[in-house]
Every structure is written in C-alpha cells, then in structure tokens.
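S.K.:
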Amino acid sequence: MGLRSYIIVRILLTIPLIMLLLSIVFLIIRVIPGDPVLLHFERKASEEAVEAMRQRLGLDKSLPIQYFEYLGGLFRGDLGRSMQDFSPVSEQIFSAFPATLELAICSMLVATTIGILLGVKASESYNSLKDHLIRAFGIIVYAMPIFFLGMIFQMIFAINFHWLPANGRFPPRLTEPRGMILFMNQPVGIAVWSFMIGLLCLALHVGLLRMKGVRFWGQGSTISLSHFMIVWIVGFTVWIVGFSYAQLNMSGVVRVSTGLFTVDSVIEGNILKFVESLRYLFLPSLTLGLVLSGVFIRLTRSNMLETLRLDFVTAAKARGLKESTVTYGYALRNAFLPILTMMGLQFATLLGGAILTETTFSWPGLGRYLVDRINFRDYTAIQGAVVYFALIVAVVNLIIDILYAYLDPRIRY
Amino acid sequence: MAEKGETRGLLFGLIPGLKSLAERGSAGWMIIIGTLIVFTILLITALGPFISPHDPTIPNVNPPPNPSPPSANFPLGTNLLGQDMLSRILCGGSIMIQVAFLSVVFCFLIGVPIGLLSSYVGGSLDKTFTLVMDSFYAFPGLVLAIAIAAMMGRGVINLALSIGVVYVPSYYRIVRSQVLTIKELPYTEAARASGARGRTILLRYILPNVVPSIVVVATVNFADAILTAAGLTFIGLGVGIDVPDWGWDLSKGRELLPSGAWWVITFPGIMIVLLALGFTLIGEGLSELLNPRLER
Amino acid sequence: MRKLKRSRRGISPTIIIVAIILIVIIIIGSLYALQIGPFAPLVKTELIMGTTDSVESAIDPAQAYDFFGWEIIQNIGATLIEVEPGSAATADDYTPALATDWTTSEDLKTWTFTLREGVLFDDETEFNASHVKYSFDRNMEIASPDGPQLNMEYDAIIDNVEVASKYEVRFNLKIPFGPFLGLMACQASSIVNPEYSGGWKTAWSVDDIVEYTEGDARASNTMDLGPYVLANWTRVAGKDHEMRLEANPNYWNKDSGYPKTETIIIKFYADATALRLAIEAGDIDIAFRHISATDIEDLKDDPDLEVHEGVGAAIQYMIFQEDPLPDLPQLNDPRIRRALAACLDRDEVVDTVFLGQYSPLYSMIPTGMLGRPVGTDGPFKVLGDANYTYAKSLLAELGYNETNKLEIVLWYETSGHYPSSPDQAQLYKAQFEASNVTTVTLKSADWPSYRLNRNDGIMHVFLYGWYPDYIDPDNYAFLYYATWLNHKYVDYNATNNYLAMKAAYDAARASTNETERIELYNELEGYAVVDCPVVPIWQGVAYAVTKTNIKGVYLDITQTWRMWLLYEE
C-alpha cells in the first residue's frame, strides 16, 4: 500500500472512531436520570411552561430524531444551543479554543524541550548519579497533580515575588491583541503576507525533507532550486485564494488574526503586548509542560540508550566523530520518530491536563468552559465541548500518524 | 517471549526479600522505595482515626482567627474552619485510595476479560472491540471522566466508575497484544494440538502469562487514578465533605493562597504526590524488571 | 585520542539553544523596557471594575433576575423613580428620575406618575407615557417562567397600565400595595426602547427576550435611557469577558454632570482569588463582589487600597422541610424545628467563615430596614444560640435522646451561588451534632440541581439565601411561609399560624402607616418563631475594594452600584 492509500485508509478509520464517541456522548447525556428542562426554572413551573421550554431546548422530539439532528448539525459545524443562555455552543467553543491551543502548543514545546534535553543527558551517562537524578525528576513530575504544581508556582512566582501574573491571559489595562486589519486595496500588505506564508511553507517543506535525510547541498544533493520555487508559488497561491475568499465574506476588510495572543501581538507589531502575553503564558505552560515532560524524559532516555548501542552509532564513534554530533546528529534523529508518536499520544493527556491548568490559572479556554458548564448542568455545552475535544485529538493523531508514515518508509499498512 | 520462565521467576523474586531486589539495580530500588511509600501511606490512612490528635471534621478546635500557621499544638497548622491539618492529613487518604482501588478493580474486571476474549476469538469481534477501545484510548481521559462524573453525581462508586472507564482500554490493549504473541508460541500450540479446549487454553495457558503485564499496568493505573480523582475533586466533582479528603483540602486551599497560608495546600499536596509517586515507582520498577532490554 | 579530545571542546547544542534563548530574552527585554518603562500615565476618563459575577443570561428587564444583570440594568436603564444613593430606601428616599412627580389614591390601588419631558431615546424619539405602558405590558406578558413577573408577582400586583396623557401614566393595581414605589425603583421596572425590544405590538412571547448577540452590544440590550450605554459586551466561551459602558449623550441628567466618568470597563474574573490578586496588583480600579473574608482582612492593611463596607441586604437562612420524606424523620412538629433552630450558633459561623465581617441574623427582615434599626435583635433571639439544654428538652419530648438520635440530612450547594456554603455546612453539622442527640448527613448539589431539588421539595434541611428585589420588609417577610421554599408548610401545618402570618403580611402590604406596618410584621414574626419553618442565620455585608483615589462609592442597601457617581480623584 502506498503512502496515499495509507493516508486515505487512516482518514477513513478516523471517521467511525469519531462517530462512535459522538454517539456515546450523546447517549450518556440522554440516559442520565433527571430532566434537564426542569433545571431551567427558578420556581416550579406550569406544564405549558415546561413544554414550551422543552421545545425551545429541542428536547421535545424523539431520541432518534434528536440524534440525527445532532449529527446533521455537526456536519454544518452546529453544536446546538446552550441550555443555559441559548447561544450557539459552536460560537462559544470557537471563542475559547485559541486560548487552549496556545496553552497546548507552548506546553508541548516545554515538555518536549525539557524531555529531550534531560533524556539525552541521562542516556549519555547511563547509570550514573546524574542519570538517576534525571529519572527521579521524571517520575516525580509525572506523579504531580497539575493543579498542585500550578499552585506552588503561583505561590512562589506570583504571590511571593510578584514576578509573573498568577491568573488570566492578558493584562486588563491593555486591549487584547486582535491581529491586523488588512484592506484588499493594499497590495503591499498582500505581498508581505503572501511572502511570509510562502516562507512558512518552504520552511516546513525543507524541514520535512531534512528529516527524511534528503541532502540539499554538497555531495549527493538530490534537490534543485526549482523545487523551492514550486513550494513558494504554491504557498502564494493558497494565500491569495484564501484571502480573496475572506474578502468576499467580509466586505473588503480582512482581519489577520489567529486568536493566539502571542502570534496576534506579533502581527500587530506590538512588542509590549507580545511580552505581556508571554508573561501570562509562562506559568501555565511551564506547569503543564513540566508534568508532561516526565513521559518524554523516559522515552528519550530509553530510545537513546537503545540507539547508542546500535552498530551505526558505534561505527560513527569509532570513526572519531564528535560525541555531540553522534548524540544529537545520529542517535537523537533516530529517536525522533518514537518521540513524534508520543507527542501524538500525549496530546490527549495534554488536553486533559489543560482543563486543570486552565482552572488553576483562570485561563479562559475550552477546559474552563467545560468546567463552568458542568456547574450549570448545561448539557448541550458539555456535549459540544466533549465532542470538540474528541475531534481535536482525532485530527492531531491523524496528522501525526500521516507524518510518521511519511517520514518512516518502513511503516505501511 | 523466550523470557516466559524468567518473567515468572521475577514475579516470585519479589518474595525472597529486599536483598535480592536491591541487587537488581535501580529497578529493584524503585520497587523497594515505592512499596515503602505506599505501605507507609496505607498504614497512616488505616490508623489515622486512632492516632490523629484532633477530630479532623470538628471545626474550631483552634479558636479563631484561622487559618493559623503550624504551631506546637497544630504541627501542620489549621485551615479556615479551624480544623487541625495534621489530623486531616492522617485521615484524609481513605476516599482517594478507595476510589483509586475500586476504579482499578473495575478496569481489571472489564478490560481483561474483553481483551482475552476479543484477541482469542479474533475476527470481526476483535475488530469491533479494538475500534471501540481505540476511540476511548485516544480520547483525553480527564475530559471523559469529568463528563461522566458530572452526569452520574457524587459518591465513591460513581467517581470510581467514571475514572475506571477511562483506563479500561489500557488493560484491553496490553492483554490483547500479549495474547496475540502468546497464542503463537509453541507452548500454546502444543496445548492446542494436545486437544485442550479453547477455554482451557485461555485460562490455563494464556492468562497466567498475561498477569505480569497486567500487574504493571494496574500499578501505574493506580497512580493515574489517584491523580484523576484529585483532579476531579479539584474541579468540584469530589465525593463530599463529610470525610476529610486531601483532594478537597488542596482545592479549598487555593482560596487561601493569596493570604499566604501555604500550609493549607502544601501538606495535602505532598501526600497526593507521595501516594502517586509510590505507585509510579513500583510500576516503573516492575516494568523494567519485566522488560530487561535495557539492562547491560 | 587526539580527535576525541578535540570533540570535547566543541560547543554542545544545549549551550547554543540556551544562548539563543538568552539573546532573544535580552533583546525583547530591552525593547520592552525602552517601549514602556512603567505603565505610561493614561489620561483617565475610564475606570476598570473587576468582578466575579456575571450576567446569568440576558440583560433584558423582562428576564433578568440575577444580581449582576440588575447591576448593569441599573446603569444602562432608567426607571421612573430612583432610590437616593446612600439612603435607607424608606418611603421618603425616592427621587424623581423619568417621572418628576407621583401621587397615589387613598386605597393605595392607583398610582399616577407625571413624566419628564424632552428625554430622548438613542434614535431621537421622545420618551412618553406609551413607552412606560409598553415596558410594563411587555414585562408582564413575556411568558418567561424565569421572568420578574413571576418572581416579583407583577402580575399579582398590577392590573393594568394606563396612558392618561402624553406625559402622565397611571398604574391600576389589583391589591392595595404600599411599597409600590420600591417596586417602581427596582431594575425590573426599567423602561425599554420598543425599537430594540421586539417593536410596537401588544402580544409578546418568551422569544422576544433580547439576548446576548455576538459582536453587537446594541442588539444585546433593550435600554438606552440610563446614564450609560452598553458600548461593548464580549463573551468568551459563553462567559462574560468584558463590558464597556460609555456615557449616554442623551441621559436626562447629563446637565448635572453625570455620569462623572466617561467610560466604565468591567472585567470578569473567574474566582475571588483572581479578583483579589488583580486589585492588589493594580490591574483594576474597583473590585466588587465575592472577595473572600480572609482576602478582605488582608486588603484592609494595604495602604493603596480602600475597603468599603456597605449595608448588607443579603441574608442566609435554613429551611426545615415539612415533607413526608419516606425514610427520614418528619420535621412537621414545630418542636423539632425549634430544637434544631436552637442548636445553631450564629456567632461561630459568622466569626469562623466570615471572620466576623457578617452579622448574626435573628429575623428574616434584616437590620437596617423598616422596623429593624441597627443594633436591635430579631425575635429568633429568644431561642438562643447553641442552646443545647433547650434543644435536648424539646427533642426528649419527642423521644429523641443520646441513643435514639434524630437523623437529619443537611443540603448545601456547590456552585458558589452563596458564599462558602461547604464551609458553613460543616459548621452547622458540627453544631447540630454537638447537641449529642442529632446526627447529620451532608449532601450537596450544583446550583441548578439544588434549585430543582428545592422546587421538588426533596431536601430535608437546606441552606438558602435571599437578595432583595426591592427594599422593603414586604420583600422579605413572606419568606417565612413561601411555599416555593417550604412546600408542605401549608398542608401539614394548616394551623392558624400559617393563616395568621399571611393575614398580617397582606395587611402590612396594604398600609403605608409605618407604625402599623412594624406592628404587623412583629405579629407575623411572633408566629414564625413558634413554627420555625425558616430560620434566619446571617446578614451579609457588601464589601468593595477600590484604589484610594476612587470616589463616589455608595454601597447602600439597594446593593447596586451607581456607576454614574464614580470618579477618580
């Protein structure tokens, strides 16, 4: 099976997985005792009022019909209306998601950086005191309740020393970064942005090719400059098309905004906002990242230990290559694939941990949304949030699996 | 899987005593330390009601103003209600341990039989189960636990169930992968050839070989279950306040954080960390003993 | 060997990474320092208020019944009359707002208001009597079961609203109603702009409630006659995130210099801890509502901050459900309820949970209100606090003693709807059990389930609280026998006490004579102490923390901020 068909099969397999989860969530919420409609009333209400509310909440229809409407809604990106305030759940989730995404990305960065660095260090001096200390560190952070670690950080860095903010995502006195507004009649803006997107595509492509071991220069280089040009042009086109499409929808005004405060403040070109958003991001992502790093330490260490004993590493050493070149250039690259897989697997854990982190640091993301709504017994919102979590995890896993297959030619189904 | 015999030997190796364990290097030490921690905590929790200096649920054993920092009379200080933190630490583990234990039992009872059956029977049954389990496995465990706990309401059993559901797939997967390997071993083949029935093969030949891996998963799960239980309590889905509970004290302490009452969160937090740490150490040690690939 | 040695000298990637990070930090840090230094002094025409409250669903007076929704309505809406800021909201404390003058008939059933002329809505139409009629008709007819017409019984009080002339409106009541001015001054009586409330029509339904509309603050609210207009309202993840109130150019009292601050920004915080840290760090100018008792004590010592202590009208009480729960002891005998009430130790609760900031409450009519001057105790004082001898003797009559203990289930809520409920519950449990003849099981539920349980009447003993709708004993005294609180009180205690209480209440309602009303309420409470269907526990205090230079803070008994009076010195 070629790569293309593998990807197709993998996507096809994801669909029943998601469907299954959706149905389970739907059922759990319907099966539990108690009538969610009644939760809505300040005082005991009349039959008609209850019926009217049932209708308003869409719970008057039979279960199968509700189920199909729910599925139908999902395909349109509609997760129903909140039982608490009747606003569209998808709108609420979309407004919460960037915060969670930003936290997740940063924590993943922290976790992998700490994990790989310490893991490599431990493997380099196998069975020494250093190795044992690093392993102990990995196990202890693994056994830390996220919110406990978070509270300790808050206590030390925010409350005692006032170095970093303890709560929230952005200082109240500044307006939140909202990216940049572009007008279509600004050719310079378009050119700049297209160029940057092209550059991004290029970087990604080069990165991927490097991982596959493609050499770009020197002896045996397998790639020509035209390759780069093609990628650049593709990036440019994608951007222009997306751009024009957005323009159609938004009457000439395009807001370049990601919802990630760090990125948006850079787009705005406001260094103060960028620093502030980093300051607010620091403690939450450090907390979540540290707790997750345990897994990566262990994984990197054991993989490095295995690779360091492999013939090609021994050979490289024997040839007299620098130790660091051997470790980082040869062995670590070999350990990269398992780490990548683990990133995919840990993403689910990360999102779970994000709930606790967000609650500890009052981070206005999806996790807090879920917790809030549980307090209000807002069933549609809970259902929507859970489904959204499932979708993210499925998509991330899918991407990682495909990347994996792309990078490791041995893996085929 | 030529180490089958060895695996068994290792399990029995736990019994001869600490010495032989300690000789096994870091893995042995991890098990020893982990077991020590776990047993100490279990002991404390069991004896808590008898040795605690004050009744942990009675407010105002210390007259207001509270919370008061550690003092001679209250070595770990008091909380806002004037309850003695030391007594609450001594008595506060029972709910968490019960919940974790029940959830592990629950996972075991569901995950293992399904794993055995599905992998042994194979075919479309196996495919279906694997699909279901994979979809659960890939899902953020805490999200699922929160959703279920919120729906089911309070109580030890409900909490244990909602945590258990999350970890069933781990058991299923480990059992399935082990069975698939063992099924192909000459040992099992021989049993099958000698006319043993499917059930006999499953229970007498395959199950014993799967047990060590399950034990490892169960120990690690115990730690996870404790952390999840603490997390659920933190979010407000805990069991209740009738009985002292580290998770509750920890989440309650958050309100007192800005006033500098560090003792209210530190001690319950440390207890939870220790308990989870103990089980993690045991699990890590065991898995290293069972998979001695890295031993040089 | 030589090669190996050389390799050691090579720079390891870790160092490179660390160096890059350091350089980036230094560059950013220096830029940061150059760009701002300490916060640039802003020309202040705005104040930032932080709160942990939020709008429960909408800020439509026909639907809102939550604390913060009313807070906003107070500042963006206008009523016919207002309560003088800082007053005790007695009958003399009402000041003209949209109405300049008012009269009532002898029988208290007809109230006539003369309206202010020349007041403009934001679409430049002039406010007149038809708008008043429109607002009240709409309020009463919107069939929202959550709406004020149900909770405040508009329907039971107002018969119809009549446009007498362009600038005169007449309310014809169904019953003689003394505290009608209080009702007219409360937020649910705000005048709405028909353009934004479903248009001119005579029939409304629940779908006409104006709810939050993403990105459109004007379409999210019905009012524009108040001192401020709602300029921005953002929700993130369905939770209030930021609100921006800007001075209303059409405000009727603009010429007197109100509002004093042009812009009020409201920031919503997730919990009390976050709010406290924000005001401490100077991120916000005003912090209001639900800063915990310990935090208040700490902040009192902060020289940059001022802690304002307001009059509290919020009360908390305990209800003994008279209900034939199959497996629990009946609480139908008043002696059980009196015994349980005598076990409570209000001072301990107030001192422990609220660090002495709140005050014990011995009457459902809180101190500071008509007939309850500060410094007086209510009728429940006679039962005593932690009066275990009395409790034991009563319970002994009913056969409960150390071996045969009375088992009760005490419920509390966990969503933070009332302050520190779990803490309180633990104390009450200990207090009941200290009598040695009672055992208590604690049970809890999140707020919506708790409310539902209350509606279903399945909670044995439970904690509940009350914030006033309008400032009058009339809005409190009925709690003693309200059937939505204590379902079977009527059925199982169809004694004369219930009827006598109701009669006294109705009589007090139909009178404007203060002495007579006080006497009637005293009579009512006399019966209440005998029956103890509901037992008052504490009366809260409203705390606000501001920077020391914020002036114009009035934390009076109305429990609402008059933001138009706020200014920074």
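Residue numbers (our numbering), protein chains in the order written: chain A, 7 to 419; chain B, 131 to 426; chain C, 418 to 986.
Ideal placement from N, C-alpha and C gives every residue a C-beta, glycine not left out.
All values derive from a computational prediction rather than experimental measurement.
(1) At 3 residues or longer, what runs of the beta strand (DSSP E) sit wholly inside the stretch 656 to 734 of chain C?
(2) Going residue by residue through the stretch 745 to 784 of chain C, where are the continuous alpha helix (DSSP H) segments of at least 4 residues, counting only ones entirely within it?
(3) Run through chain B and tell me which residues come within less than 7 angstroms of Glu765 (chain C), C-beta to C-beta.
(4) For Gln843 (chain C) and chain B, any beta-carbon pair shorter than 8 angstroms?
(5) For the stretch 48 to 70 of chain A, which residues have a CB atom closer than 9 angstroms to at least one CB atom of chain C, in sequence order?
(6) For Leu45 (chain A), count the other beta carbons within 10 Å of its own beta carbon; 16 or more makes it buried, fewer makes it exposed. Which is it?
(7) What separation, rounded to the nearest whole angstrom, lies between the Cα atoms of Lys313 (chain B) and Leu135 (chain A)?
(8) May I ask you to report which of helix, strand or coil DSSP gives Asp539 (chain C)?
(9) Rounded to a whole number of angstroms, what is the C-alpha to C-alpha distance between Leu812 (chain C) and Leu287 (chain A)?
(10) Could you please give the first and the last residue of the uninterrupted alpha helix (DSSP H) stretch that includes Arg141 (chain A)?
(11) Could you give the distance in angstroms between the alpha-carbon of Ala894 (chain C) and the alpha-carbon of Leu941 (chain C)?
(12) Given that a residue counts as buried once 16 or more other Cβ atoms are within 10 Å of its Cβ, and exposed if not, what is Leu800 (chain C)?
(13) Using the beta-carbon of each residue, which ones in chain C are nearer than 8 angstroms to Leu45 (chain A)?
(14) Would DSSP call Pro458 (chain C) helix, strand or coil?
(15) Starting from Leu859 (chain C), follow the beta strand (DSSP E) in both directions and report where the run begins and ends.
(16) If you draw a straight line from the alpha carbon of Leu459 (chain C) to that of Lys964 (chain C), how long is it in whole angstroms?
(17) Alpha carbon to alpha carbon, what distance is there between Pro611 (chain C) and Ser637 (chain C)?
(18) Please report the Cβ distance between Ala687 (chain C) and Ser368 (chain A), rounded to the nearest whole angstrom; I am assuming they are in contact, meaning their Cβ atoms lie under 8 angstroms.
(19) Give me the Cα-Cα distance between Gly213 (chain A) and Leu413 (chain A), rounded to the nearest whole angstrom.
(20) Please classify His168 (chain A) as buried or exposed, where buried requires at least 16 other C-beta atoms within 10 Å of its C-beta.
(21) List the whole-angstrom C-beta distance separating Thr469 (chain C) from His725 (chain C), where the pair is believed to meet the contact cut-off of C-beta under 8 angstroms.
(22) Val373 (chain B): which of C:Ala847, C:Lys822 and C:Gln774 sits nearest, CA to CA?
(23) Using alpha carbons as the reference points, say which of A:Val95, A:Gln61 and A:Met25 lies closest to Val262 (chain B).
(24) Determine the DSSP secondary structure at Met160 (chain B), reduced to helix, strand or coil.
(25) Helix, strand or coil, according to DSSP, for Arg60 (chain A) in the structure here?
(26) Under 8 angstroms by Cβ, that's how I've got Leu362 (chain A) and Gly399 (chain B) pegged, so tell me the actual separation to the nearest angstrom.
(27) For Ile405 (chain A), is the classification buried or exposed, using 16 other Cβ atoms within 10 angstroms of its Cβ as the cut-off for buried?
(28) Where does the unbroken beta strand (DSSP E) through Val500 (chain C) begin, and where does it stop?
(29) Residues of chain B with CB under 7 angstroms from Asp712 (chain C), in chain order?
(30) Please determine, among C:Val580, C:Thr542 and C:Gln604, the residue with the shortest C-alpha to C-alpha distance to Trp528 (chain C).
(31) How many angstroms separate the CA atom of Gly223 (chain B) from the CA atom of Ala275 (chain B)?
(32) Taking the straight line between their C-alpha atoms, what separation do you get for Val340 (chain B) and Thr20 (chain A)?
(33) Please report whether the beta-carbon of Leu289 (chain B) lies at a distance below 8 angstroms from any beta-carbon of chain C.
(34) In the DSSP assignment, find the alpha helix (DSSP H) that holds Gly185 (chain A) and state where it starts and stops.
(35) Counting only Cβ-Cβ distances shorter than 7 angstroms, please list the residues of the stretch 368 to 401 of chain B near chain C, keeping chain order.
(36) Out of curiosity, what's the CA-to-CA distance linking His658 (chain C) and Phe588 (chain C)?
M.R.: This is what the structure gives:
(1) Whole beta strand (DSSP E) segments, 3+ residues: 656 to 664, 680 to 685, 703 to 705 and 722 to 726.
(2) 751 to 760 and 763 to 769
(3) If you number the third sequence from 1, residue 765 (chain C) lands on position 348. Within 7 angstroms Cβ-Cβ: Asn190.
(4) Start at 1 with the first residue of the third sequence, and residue 843 (chain C) comes out as number 426. Interface residue, yes.
(5) Glu48, Arg49, Lys50, Ala51, Ser52, Glu54, Ala55, Val56, Ala58, Met59 and Arg62
(6) Counted from its first residue, the first sequence places residue 45 (chain A) at position 39. Leu45 (chain A) comes out buried.
(7) Your numbering for residue 313 (chain B) matches position 183 in the second sequence. Your numbering for residue 135 (chain A) matches position 129 in the first sequence. Going from the Cα of Lys313 (chain B) to the Cα of Leu135 (chain A) covers about 42 angstroms.
(8) Here the question's residue 539 (chain C) lines up with position 122 in the third sequence. Asp539 (chain C) sits in coil when the DSSP states are folded into three classes, being neither helix nor strand.
(9) For this step, residue 812 (chain C) is matched to residue 395 along the third sequence. For this step, residue 287 (chain A) is matched to residue 281 along the first sequence. So the two alpha carbons sit approximately 59 angstroms from each other.
(10) Indexing the first sequence from 1 puts residue 141 (chain A) at position 135. Leu135 to Tyr148 is the extent of the alpha helix (DSSP H) around Arg141 (chain A).
(11) One-based indexing of the third sequence puts residue 894 (chain C) at position 477. One-based indexing of the third sequence puts residue 941 (chain C) at position 524. Approximately 8 angstroms between the Cα atoms of the pair.
(12) Looking up residue 800 (chain C) in the third sequence gives position 383. So Leu800 (chain C) counts as buried.
(13) Mapped onto the first sequence, residue 45 (chain A) falls at position 39. Near Leu45 (chain A) (Cβ distances below 8 angstroms), the residues of chain C are Pro865, Ser866, Arg868 and Leu869.
(14) Mapped onto the third sequence, residue 458 (chain C) falls at position 41. Residue confidence for Pro458 (chain C) is low, a pLDDT of 41 falling below 50, so the modelled location carries little weight; the figure read from the coordinates is stated next. In the structure shown, Pro458 (chain C) sits in coil (DSSP, three-state: anything other than H, G, I, E or B).
(15) Position 442 of the third sequence, counting from 1, holds the residue named residue 859 (chain C). The continuous beta strand (DSSP E) containing Leu859 (chain C) extends over residues Thr855 to Ala862.
(16) The residue labelled residue 459 (chain C) in the question sits at position 42 within the third sequence. The residue labelled residue 964 (chain C) in the question sits at position 547 within the third sequence. With a pLDDT of 42 at Leu459 (chain C), under the threshold of 50, the predicted position of this residue should be treated as unreliable, though the coordinate-derived value follows. Distance between the alpha carbons of Leu459 (chain C) and Lys964 (chain C) is about 16 angstroms.
(17) The residue labelled residue 637 (chain C) in the question sits at position 220 within the third sequence. The residue labelled residue 611 (chain C) in the question sits at position 194 within the third sequence. About 13 angstroms.
(18) Locating residue 687 (chain C) in the third sequence gives position 270, where the first residue counts as 1. Locating residue 368 (chain A) in the first sequence gives position 362, where the first residue counts as 1. Sure, about 4 angstroms apart at Cβ, within 8 angstroms.
(19) As a position in the first sequence, residue 213 (chain A) is number 207, starting the count at 1. As a position in the first sequence, residue 413 (chain A) is number 407, starting the count at 1. Between Gly213 (chain A) and Leu413 (chain A), the C-alpha separation is close to 11 angstroms.
(20) Along the first sequence, read from residue 1 onward, the residue named residue 168 (chain A) stands at position 162. Classification for His168 (chain A): exposed.
(21) Reading the third sequence from its first residue, position 52 is the one you call residue 469 (chain C). Reading the third sequence from its first residue, position 308 is the one you call residue 725 (chain C). Contact doesn't hold; Cβ gap of about 17 angstroms is too wide.
(22) Position 243 of the second sequence, counting from 1, holds the residue named residue 373 (chain B). Among C:Ala847, C:Lys822 and C:Gln774, the Cα nearest to that of Val373 (chain B) is on C:Ala847.
(23) Locating residue 262 (chain B) in the second sequence gives position 132, counting from the first residue. The candidate whose alpha carbon is nearest that of Val262 (chain B) is A:Met25.
(24) Sequence index remark: in the second sequence, residue 160 (chain B) carries index 30 (1-based). Helix, per DSSP.
(25) By 1-based counting over the first sequence, the position of residue 60 (chain A) is 54. The answer is helix: DSSP assigns Arg60 (chain A) an H, G or I state.
(26) Here residue 362 (chain A) corresponds to residue number 356 of the first sequence, with the count starting at 1. Here residue 399 (chain B) corresponds to residue number 269 of the second sequence, with the count starting at 1. Leu362 (chain A) to Gly399 (chain B), Cβ: 13 angstroms. No contact.
(27) Within the first sequence, the letter at position 399 stands for residue 405 (chain A). Exposed, since its Cβ has fewer than 16 Cβ neighbours within 10 Å.
(28) Taking the third sequence and counting its residues from 1, the one referred to as residue 500 (chain C) is at position 83. Here the beta strand (DSSP E) through Val500 (chain C) covers Ile498 to Val500.
(29) In the third sequence, residue 712 (chain C) corresponds to position 295, counting from 1. The contacting residues are Pro388 and Ser389.
(30) Taking the first residue of the third sequence as 1, we reach residue 528 (chain C) at position 111. For Trp528 (chain C), the nearest C-alpha among the options comes from C:Val580.
(31) Indexing the second sequence from 1 puts residue 223 (chain B) at position 93. Indexing the second sequence from 1 puts residue 275 (chain B) at position 145. Near 20 angstroms, if we compare the C-alpha coordinates of Ala275 (chain B) and Gly223 (chain B).
(32) Translated into the one-based positions of the second sequence, residue 340 (chain B) becomes position 210. Translated into the one-based positions of the first sequence, residue 20 (chain A) becomes position 14. Across the structure, Val340 (chain B) and Thr20 (chain A) are spaced so that their CA atoms are roughly 29 angstroms apart.
(33) Taking the first residue of the second sequence as 1, we reach residue 289 (chain B) at position 159. Output row for Leu289 (chain B): interface = no.
(34) Reading the first sequence from its first residue, position 179 is the one you call residue 185 (chain A). Unbroken run through Gly185 (chain A): none, as it is neither H nor E.
(35) Gly370, Ile371, Asp372, Arg384, Glu385, Leu386, Leu387, Pro388 and Ser389
(36) Working through the third sequence from its first residue, we reach residue 658 (chain C) at position 241. Working through the third sequence from its first residue, we reach residue 588 (chain C) at position 171. Distance between the alpha carbons of His658 (chain C) and Phe588 (chain C) is about 39 angstroms.
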